[in-house]
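From first to last, the protein sequence lines are chains E, W and X. Convert by adding 15 to the 1-based position in the first sequence; the result is the number in our numbering. Convert by adding 153 to the 1-based position in the second sequence; the result is the number in our numbering. Convert by adding 180 to the 1-based position in the third sequence; the result is the number in our numbering. The C-beta atom is built at its ideal place from N, Cα and C for all residues, glycine as well.
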Amino acid sequence: MADDPTKKDATTPPPGGTEAGGTPPKSSEPAAVPPAASAQPAKPAEAVKLPETAKPADAAKPAASPAAPAAPAPPTAAKPAAPGAAAGAPAAPKPAPPAKEAPPKPLPLDNELVQRFKARFGASIIEATLDRKQAIILVAAAQWLEISKYCRDEEKFDYLADLTAVDWPKREKRFDLVANLYSFPKNERLRLKAHLGENETARTLIPVWPVANWLEREIFDMFGIRFDGHPDLRRMLLPEEWVGYPLRKDYDILTQDQAWVKENLGIESGQ
Amino acid sequence: MPFGITFDDIRPFIAPVIYALVIVAVLPLMAGYIVLLERKVMAHMQARMGPMRVGPHGLLQPIADAVKLLLKEDITPKNADALMFWLAPLLSVTMALLAYAALPFGPAFQIADLDVGLLFILAISSLGIYGIVLGGWASNSHYSLLGALRSAAQLVSYETAAGLALVSGLLLGGTLSMKGLVEAQDQQGVWFIFIAPFSFFIYLIASIAETNRAPFDLPEAESELVAGYMTEYSGFRWSLYFLAEYANMIVVSGIAVTLYLGGWMRPLSAVHMHIFGLPYELLDLLPALIFFGLAAWCSKLALRQGEQIQKLVMFLFVGMFLVLGAVMAWSLTSPSLMPGIHGAFWFIVKVLVYLYGFLWFRFTFPRYRFDQLMKLGWQFLIPLALVNLVMIGIAIVLVQQSGWPLAIAMIAANVVTLIVAFWLVRQGDKPMIAVLPAEDELPDVGPGEIR
Amino acid sequence: MDPTRHNSTTEIETTVLGADEIILNMGPQHPSTHGVLRVKLKLDGERVAASECIIGYLHRGVEKIAEHRSYQQFAPYVDRMDYVAAVSNGLGYCEAVEKLLGAEAPPRARVVRTILTELQRIASHLVWLGTHALDIGALTPLFYCFREREEILKIFEKYCGARLTTHAFRIGGLQYETYDGFEEEVKRFCDDFAHRIDEYETLLTENRIWLGRTKGVGILSAEDAIALAVSGPVLRASGVKWDIRKAAPYAAYAQYKFEIPVGKTGDTYDRYIVRMEEMRQSRLICLQAIENIPTGAIMARIGKVLKPPPGEVYHAIEAPKGELGYYIVSDGTTQPYRVRVRPPSFINLQAFDKMARGSLVADVVAIIGTIDIVLGEVDR
């Protein structure tokens, strides 16, 4: 894996570990090691010009990556491929992003970790990407609990740093359930994602990481996603009787549960 | 005179009644100024200034506080027992004030020279606990009740230790009369603190616990039970409780001073250094010098005040100190008045020193938890006080029957007590067995909670 | 509907009470809950049989607001979450967005950011120390701690104009150059601070009463700490030697030498010792940093209008309270699509139940204090 001089973080430790692991413990701030396969995106020597239309630069499946509803096309300058071109054409590219080498974007990922996952779970591993040098694995929601157990037990991701959700209403399965994991022994981070439909539920992760208790309650509070097996699924931050799930995109920023406000605070809507 | 009462019948009562009126009138003011002293001392220890606005250097703060409290709305909780609610602070204050009857402020200034003065004071202090318990119960609130019960338990436990410490002082003095105890120290030429330091030490700790002061102020702890048994009281009722607390502080200081610190005697009273052949002693000039010094300092502060009215008030204080200094100096010339006036002065100064210790401890130490507090009382202080008592008794017997010199016998007794004290501390530091219940002993709490 | 019955249909109320059991409600207005936190305790005599934290009184919808502001406009909002340590929040957010953009702040900016963040860590721990000691009954350390904190806040005010919610950093670097005399003032503070910390230690560390109140109280084992995703000093006191400044250095931390204090038993006393030592280490970092602040630009050239390419990033820093993470999803527009803040206080607070079970009521206050929560961050 060539040490890529165009990498922004030239000061970070020498390449060797990606955030997706697979190599012995290194600082989890790696230089990216793009897998050989996709090191040659279709666009040679193109470190220029405006964002072209979203040509599938990376032939692998970026479409399924969370960048889906991106309206403006991302600048698709070749990422690692054209060191010479980028370095050699400082003024040639347009002045707006001055000397900005390769804007970051998601890439498919296929390293040992991903391969182990695929070997174990097969089709449940829908996709694996590397975005901003962070590994993301998209899994099937049906296997959410099993994959989590595997992560904790076999892959030693013993720390659930964060569990949250994102709402993409235009997608058929609108919710992204996102778990950020960390492994103490390996000093690595991993992100697990699952797509959930509007009325779908996911299994609770409390048996695997007890911290999920409050985190899932907050997801339920803000998005309305229910978790099977959660012992105490009620709202966390909003009052019990609140109606509505604020972080959904169809909940406007000025919306309130007027009935609750009027009854409990005694004020009319608005202020 | 009506009913066949002659003036001679009334005469013995006149002085005590006047003294009592003076005490009842002056005490709230004194308590207020002790509060101000506490706030100023606390502030200076905490790198700040304390009350500065009301009066120069906050000197009129207690008056402002008193007026405010009197004017405050009197709130009674809805389901409180009205009679008890009204009675409780009264009980506390009455008992606190009653104890002053036996305190000797000077050889001439004592309301009642009871033969059993010490016992009387102890008994009255114990009655004061009723005020606390009733207050907590009558407030009809969880927090208050918890605080009151804790406070009562604490007071009762430390009464025992205090009593035992005082008994050892009694053994040395040979009498229960407060006046007699001071005179005994005068006769023996040494304050009892020097021959029975452990008694003083035990009494010091017990008296802090008796008055609910830090580090034993859990029942009043703001951060835990808001204000414990005083939570529901406001305005004048609260000020009565507050007055009772500070009055109690003065009482226990008075007892300690009487019993261990020589009462109204001047320090080094056995040392007579006459000035240039005059019949006045050098050390007797101290009170006057102290007051003149205070007057000078206050004038310096007065000149620094910005506003006229502040200057005026400060100069009033200067005047007061000058008058007091003059009185002290003049009383040297009159042998009949001198013991009384100087005695009162030294008594008050020693009480203030003891109180300063109270204040100092409050701002330095964290608070004991209730179980630690009880453990300290029962497993350290009471055994130590018992041992101390026995050793002092043995020492006295040795002195009286076998002719040992007092110093040797006392040193021996105290050394033994010291060894026992260290042993008790070691015992106390051993961790308690099974402080926390094991995981499977915790009650089954049902779903919805993390284990 | 009575607003005080907010979130009240809980297990604590509906389980049948035993003979000696009472339910004690602390808060939301209470002198010791450090903000609007409501704690329900089921007491068996003096012991806590079960507890429950009810939060949400300070919920302001920060994550929803983020979706309607541009990246730079959102930066002042993050200060208001952990308002005691605003500078760290800003650092985490700015670095997360910089990662999203693929940009990096210039070296000078990184070093100045490090200095200010470490000063903020000291200030945050001073607030913790003062209030924790106050809860346990030691009235005096609070004033000493705030006296020191005053010096730090003066430095912040001279630097960026604000003491508390500073908005000190910008995406891409710094807005303001350091003022004349910045290094001297920081150095003077650091020199004074060494013996001030010793003052606090004199009052507390060997004091029998303090030891009695904190040793063995609120024990959290290392396995429980990891399972409950506790972070920061609480995790380190339980014996797990992990600090993001060492594990995944950000800003300029890789250049400096400092130690990570680790405790043994995970009780309140260990957390106290860990934080005291952290203050000392922060002071050392500041001293090393001001020796050698690189010259150069303070702002990366990223343009005024920020439109990060679509994607997402999770960036975590070691805030004074723990691992503060920002998970930002960009859809290519000028406004973030989703900003998720991983709040260390929220997650650490979940461990409260574990720590409080079996302890006495008087210890509950000590345990709340020792977790060091800020309700602005718990509720966002």
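Query raised in the report: What did DSSP end up calling E:D267 once you bin it into helix, strand or coil?
Result: As a working mapping, residue 267 of chain E is identified with position 252 in the first sequence. Coil.
Query - Nearest residue (CA-CA) to X:T320, options W:W513, W:M563, W:L539 - result: Sequence index remark: in the third sequence, residue 320 of chain X carries index 140 (1-based). When only C-alpha atoms are compared, the closest one is W:W513.
Report task. Identify each residue in the segment 239-258 of chain X for which the Cβ-Cβ distance to at least one residue of chain E is less than 9 Å, and report them in chain order. Result -> Listed by position, the residues of the segment 239-258 of chain X near chain E (Cβ gap below 9 Å) are H239, G241, E243, K244, I245, E247, H248.
Query raised in the report: Closer than 8 Å, CB to CB, is W:S376 near chain X or not?
Result: Within the second sequence, residue 376 of chain W is the residue found at index 223, counting from 1. Confidence at W:S376 is low in this model, with a pLDDT of 48, below 50, so its placement is unreliable and no value can be given for it.
**Report entry** Pairwise C-alpha distance: W:L334 and X:G549
**Finding:** Numbered from 1 along the third sequence, position 369 holds the residue referred to as residue 549 of chain X. Numbered from 1 along the second sequence, position 181 holds the residue referred to as residue 334 of chain W. W:L334 has its alpha-carbon roughly 49 Å from the corresponding atom of X:G549.
Requested in this report: At 9 Å on the CB atoms, spell out the chain X contacts of E:P123, in chain order.
Outcome: Taking the first residue of the first sequence as position 1, residue 123 of chain E is located at position 108. Neighbours of E:P123 on chain X: none; closest Cβ ~13 Å, over 9 Å.
Requested in this report: Report, in whole angstroms, the separation of the C-beta atoms of X:T448 and X:I553, which I expect to be a contact under 8 Å.
Outcome: For this step, residue 448 of chain X is matched to residue 268 along the third sequence. For this step, residue 553 of chain X is matched to residue 373 along the third sequence. Under the criterion of beta carbons closer than 8 Å, X:T448 and X:I553 do not qualify as touching, at roughly 14 Å.
Query raised in the report: What residues from the segment 376-394 of chain X come within 8 Å of chain W, judged by C-beta to C-beta, listed N to C?
Result: Answer set for the segment 376-394 of chain X: L383, L384, N387, I389, W390, G392, R393.
Query raised in the report: Name the chain X residues whose beta carbon is nearer than 8 Å to that of E:P261?
Result: Position 246 of the first sequence, counted from the start, is the residue given in the question as residue 261 of chain E. Chain-ordered, the chain X residues with CB closer than 8 Å to the CB of E:P261 read G241, K244.
Query raised in the report: In this structure, does DSSP put X:I295 in helix, strand or coil?
Result: Residue 295 of chain X sits at position 115 when you count from the first residue of the third sequence. Helix, per DSSP.
**Report entry** E:I140, DSSP secondary structure in three states
**Finding:** Numbered from its first residue, the first sequence carries residue 140 of chain E at position 125. If DSSP states are grouped into helix, strand and coil, E:I140 belongs with the strands.
Query raised in the report: Distance, Cα to Cα, X:Y237 vs X:I302?
Result: As a first step, residue 237 of chain X is located in the third sequence; it is residue number 57 there, counting from the start. As a first step, residue 302 of chain X is located in the third sequence; it is residue number 122 there, counting from the start. Straight-line Cα distance between these residues: approximately 28 Å.
**Report entry** is_contact[E:D272, chain X] using C-beta, thresh 8 Å
**Finding:** Reading the first sequence from its first residue, position 257 is the one you call residue 272 of chain E. No, its Cβ sits nowhere closer than 8 Å to a Cβ of chain X.
Report task. Can you give me the start and stop residues for the alpha helix (DSSP H) that E:Y197 sits inside? Result -> Numbered from its first residue, the first sequence carries residue 197 of chain E at position 182. Segment 190-198 is the beta strand (DSSP E) holding E:Y197; no alpha helix (DSSP H) there.
Query raised in the report: Count the other CB atoms within 10 Å of the CB of E:A74; is the residue buried (16 or more) or exposed (fewer)?
Result: Position 59 of the first sequence holds residue 74 of chain E. Bear in mind that the predicted position of E:A74 carries a pLDDT of just 38, short of 50, making it too unreliable to give a figure here.
Query - Endpoints, alpha helix (DSSP H) assigned at W:M402 - result: Locating residue 402 of chain W in the second sequence gives position 249, counting from the first residue. Taken as a continuous stretch (DSSP letters only), the alpha helix (DSSP H) holding W:M402 covers 388-413.
Query raised in the report: Among the residues of its own chain, which have a CB less than 8 Å from the CB of W:A265, if the five just before and after it don't count?
Result: Start at 1 with the first residue of the second sequence, and residue 265 of chain W comes out as number 112. Correct list, in chain order: P169, A254, A255.
Report task. Give a yes or no on whether the C-beta atoms belonging to W:A565 and W:A548 are separated by under 8 Å. Result -> In the second sequence, counting from the first residue as 1, residue 565 of chain W sits at position 412. In the second sequence, counting from the first residue as 1, residue 548 of chain W sits at position 395. Against a cut-off of 8 Å, the Cβ pair of W:A548 and W:A565 comes out as a contact.
Query raised in the report: Do you know offhand how far W:A291's Cα is from W:D234's?
Result: The residue labelled residue 291 of chain W in the question sits at position 138 within the second sequence. The residue labelled residue 234 of chain W in the question sits at position 81 within the second sequence. Approximately 5 Å between the Cα atoms of the pair.
Requested in this report: Below 8 Å on the Cβ atoms is my guess for W:A305 versus W:S278; work out the distance and round it to an integer in Å.
Outcome: Here residue 305 of chain W corresponds to residue number 152 of the second sequence, with the count starting at 1. Here residue 278 of chain W corresponds to residue number 125 of the second sequence, with the count starting at 1. Going by Cβ atoms, the distance from W:A305 to W:S278 rounds to 13 Å, so no, they are not a contact pair.
Query - Terminal residues of the beta strand (DSSP E) in which X:E201 lies - result: Translated into the one-based positions of the third sequence, residue 201 of chain X becomes position 21. The continuous beta strand (DSSP E) containing X:E201 extends over residues 201-206.
Query raised in the report: Apart from the five residues on each side of it in sequence, which residues of its chain come closer than 6 Å, Cβ to Cβ, to X:T297?
Result: Within the third sequence, numbered from 1, the residue matching residue 297 of chain X stands at position 117. Hits under 6 Å: V267, S268, L271.
Query raised in the report: What does E:L175 touch in chain X if you count any residue whose Cβ is under 7 Å from its own?
Result: Looking up residue 175 of chain E in the first sequence gives position 160. Proximity of chain X to E:L175 at the Cβ level (cut-off 7 Å) is accounted for by A409, in chain order.
Query - Nonlocal neighbours in the same chain, by C-beta distance under 8 Å from X:I424, ignoring five residues either side - result: Within the third sequence, numbered from 1, the residue matching residue 424 of chain X stands at position 244. So the qualifying residues of the chain are Y430, A496, I497, E498, E503.
Query raised in the report: What runs of the beta strand (DSSP E), each 3 residues or longer, lie entirely inside the segment 510-535 of chain X?
Result: Fully enclosed beta strand (DSSP E) runs of 3 or longer: 518-522.
Query raised in the report: Going by alpha carbons, who is nearest to W:E191 out of W:G510, W:T570, W:Q580?
Result: Counting from 1 along the second sequence, the entry for residue 191 of chain W is found at position 38. Nearest neighbour of W:E191 by Cα position, chosen from W:G510, W:T570, W:Q580, turns out to be W:G510.
**Report entry** Neighbourhood of W:M202 by C-beta distance below 7 Å, restricted to the same chain and skipping five residues each side
**Finding:** Walking along the second sequence from the start, residue 202 of chain W turns up at place 49. A196, listed in sequence order.
Query raised in the report: Do you know how far the Cα of W:N232 is from the Cα of X:N205?
Result: As a first step, residue 205 of chain X must be located in the third sequence, where it is residue number 25. As a first step, residue 232 of chain W must be located in the second sequence, where it is residue number 79. Looking at the backbone, the Cα of X:N205 and that of W:N232 are separated by about 20 Å.
**Report entry** Segment limits, alpha helix (DSSP H) that includes X:M549
**Finding:** Within the third sequence, numbered from 1, the residue matching residue 549 of chain X stands at position 369. Looking at the sequence shown, residue 549 of chain X is not Met but Gly. Annotation for X:G549: the continuous alpha helix (DSSP H) segment containing it runs 541-551.
**Report entry** Closest by C-alpha distance to W:L243, when choosing among W:S489, W:A314, W:Y394, W:E398
**Finding:** Residue numbering aside, residue 243 of chain W sits at position 90 when the second sequence is read from its first letter. Nearest C-alpha to W:L243: W:Y394.
Query - Closer than 8 Å to chain W by CB, X:L333 - result: Within the third sequence, numbered from 1, the residue matching residue 333 of chain X stands at position 153. Chain W, which has no Cβ nearer than 8 Å to the Cβ of X:L333, makes this no.
Query - Simplified DSSP state of X:S231, which is helix, strand or coil - result: In the third sequence, the residue the question calls residue 231 of chain X occupies position 51. It is a strand residue.
Report task. Let me know the secondary structure DSSP gives E:D243 once reduced to three states. Result -> Along the first sequence, one-based indexing puts residue 243 of chain E at 228. The DSSP-derived three-state label of E:D243 is strand.
Query raised in the report: Between the Cα of X:V397 and the Cα atoms of X:H375, X:Y452, X:A432, X:L344, which residue gives the shortest distance?
Result: The sequence position of residue 397 of chain X within the third sequence is 217, counting from 1. Comparing C-alpha distances from X:V397 to each of X:H375, X:Y452, X:A432, X:L344 shows the shortest one belongs to X:Y452.
Report task. Please state if the CB of X:V258 and the CB of X:L354 are separated by a distance shorter than 8 Å. Result -> Residue mapping note: residue 354 of chain X aligns to position 174 of the third sequence, counting from 1. Residue mapping note: residue 258 of chain X aligns to position 78 of the third sequence, counting from 1. No, the pair does not count as a contact, with Cβ atoms beyond the cut-off.
Requested in this report: Can you check DSSP and say which residues form a bridge with W:H427?
Outcome: Walking along the second sequence from the start, residue 427 of chain W turns up at place 274. Bridge partners of W:H427: W:E434.
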